[in-house]
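Colleague:
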Amino acid sequence: MKLEDRIAKHRRMAESYRDKYVLQKVQDGDRYDEWEFADGAVYTSPYFAVGEELVLAEVATSFDVAATVEAKAYSVVFPDWKPVEYKLWAADNGFVMRYRWEGTSVIDGVTRGFYSISFVETNDDGQITHWSTYVNDEEYGPFLQAAIDARGPFTGDEYMEALKRHFEKHNLTI
0 MKLEDRIAKH
10 RRMAESYRDK
20 YVLQKVQDGD
30 RYDEWEFADG
40 AVYTSPYFAV
50 GEELVLAEVA
60 TSFDVAATVE
70 AKAYSVVFPD
80 WKPVEYKLWA
90 ADNGFVMRYR
100 WEGTSVIDGV
110 TRGFYSISFV
120 ETNDDGQITH
130 WSTYVNDEEY
140 GPFLQAAIDA
150 RGPFTGDEYM
160 EALKRHFEKH
170 NLTI
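By numbering that gives the first Met the number 0, the letter at position 14 of the sequence shown is numbered 13, and the numbering carries on one by one without gaps.
1. Please determine, among Ser15, Val68, Tyr20, the residue with the shortest C-alpha to C-alpha distance to Tyr158.
2. If you reduce the DSSP assignment to three classes, tell me which class Tyr139 lands in.
3. Whole angstroms are fine: how far does the CA of Leu53 sit from the CA of Ala59?
4. Please report the straight-line C-alpha distance between Thr103 and Lys163, rounded to a whole angstrom.
5. At the level of alpha carbons, what is the spacing between Val83 and Leu22?
6. By Cβ distance below 6 Å, which residues in the same chain neighbour His169 in space, the five residues on each side in sequence not counted?
7. What is the rounded straight-line gap between the Cα of Leu143 and the Cα of Asp79?
8. Quick one: grab the DSSP three-state call for Phe113.
9. Assign Trp34 to one of two classes, buried (16 or more other C-beta atoms within 10 Å of its C-beta) or exposed (fewer than that).
10. Going by DSSP, which residues form a beta bridge with Lys81?
11. Which of helix, strand or coil does DSSP assign to Tyr31?
12. For Lys8 and Leu2, what's the separation of their Cα atoms in angstroms?
13. Count the other CB atoms within 10 Å of the CB of Trp100; is the residue buried (16 or more) or exposed (fewer)?
14. Report all residues from its chain with a CB closer than 6 Å to the CB of Phe153; omit the five preceding and five following residues, and keep chain order.
15. Look at Phe166 and Asn135 and say whether their C-beta atoms are less than 8 Å apart.
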């Protein structure tokens, strides 16, 4: 793939992620366009996978199902939760996304939000090899506590287990 084609693909990948959340399509099961993972692709996060490097092919829940579960869980308390500000930087080896997420609580009417930053690296074919996500617990922790009654940082399956409990509590299904 030519350099300009890879950069254009990375921009489309980042914009697809943005658009699916802005339009609130993720909770309906929509996938991010053109996101393809290389064999052995890993996910890291000091908040969602403390000290771990998750091999995506070995994770019990696929990334798109996990995103749908997360978005659907958050929308119980924050039905308008979505990005309100975003910046995308596409490069030859991947892209960076910075988002300001916000939603207004149906419980207390308070708007809560947080920033997230993701770094996505790809191989020569534009397949994702490494994806990492960073959030600030000072903002994300209270948001998450209000949204699903849990707070990280998480290790192992703790985050998905918290989402599962929230689904059970609210009789949610995928």
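Note that beta-carbon positions come from the ideal geometry of N, C-alpha and C, so glycine has one too.
Since we're looking at a predicted model, the values are computed, not measured.
Modeller: In short, the structure shows the following:
1. Taking the sequence shown and counting its residues from 1, one reaches residue 158 at position 159. Looking at the Cα atoms, Val68 is the closest of the given residues.
2. Along the sequence shown, one-based indexing puts residue 139 at 140. Helix.
3. Here residue 59 refers to the residue found at position 60 of the sequence shown. Here residue 53 refers to the residue found at position 54 of the sequence shown. The predicted position of Ala59 is uncertain, since its pLDDT is 45 and thus under 50; a value taken from the coordinates is nonetheless stated next. Rounded to the nearest angstrom, the gap between the Cα atoms of Ala59 and Leu53 is 11 Å.
4. Against the sequence shown, residue 103 aligns to sequence position 104. Against the sequence shown, residue 163 aligns to sequence position 164. Just so you know, the alpha carbons of Thr103 and Lys163 end up roughly 22 Å apart.
5. Translated into the one-based positions of the sequence shown, residue 83 becomes position 84. Translated into the one-based positions of the sequence shown, residue 22 becomes position 23. Roughly 11 Å between the two C-alpha positions.
6. Within the sequence shown, the letter at position 170 stands for residue 169. Within the same chain, His169 has close Cβ partners Val75.
7. Your numbering for residue 143 matches position 144 in the sequence shown. Your numbering for residue 79 matches position 80 in the sequence shown. Whole-angstrom Cα-Cα distance: 15 Å.
8. Residue numbering aside, residue 113 sits at position 114 when the sequence shown is read from its first letter. Note: Phe113 maps to strand in three-state DSSP.
9. By 1-based counting over the sequence shown, the position of residue 34 is 35. The residue is buried, with at least 16 neighbouring Cβ atoms inside 10 Å.
10. Position 82 of the sequence shown holds residue 81. Paired residues: Glu101.
11. As a working note, residue 31 is residue 32 in the sequence shown. In the structure shown, Tyr31 sits in coil (DSSP, three-state: anything other than H, G, I, E or B).
12. Counting from one through the sequence shown, the residue named residue 8 turns up at place 9. Counting from one through the sequence shown, the residue named residue 2 turns up at place 3. Looking at the two C-alpha atoms, the distance is approximately 10 Å.
13. One-based indexing of the sequence shown puts residue 100 at position 101. Looking at its Cβ environment, which holds 16 or more other Cβ atoms inside 10 Å, Trp100 is buried.
14. In the sequence shown, residue 153 corresponds to position 154, counting from 1. These residues qualify, in order along the chain: Phe47.
15. Counting from one through the sequence shown, the residue named residue 166 turns up at place 167. Counting from one through the sequence shown, the residue named residue 135 turns up at place 136. No.
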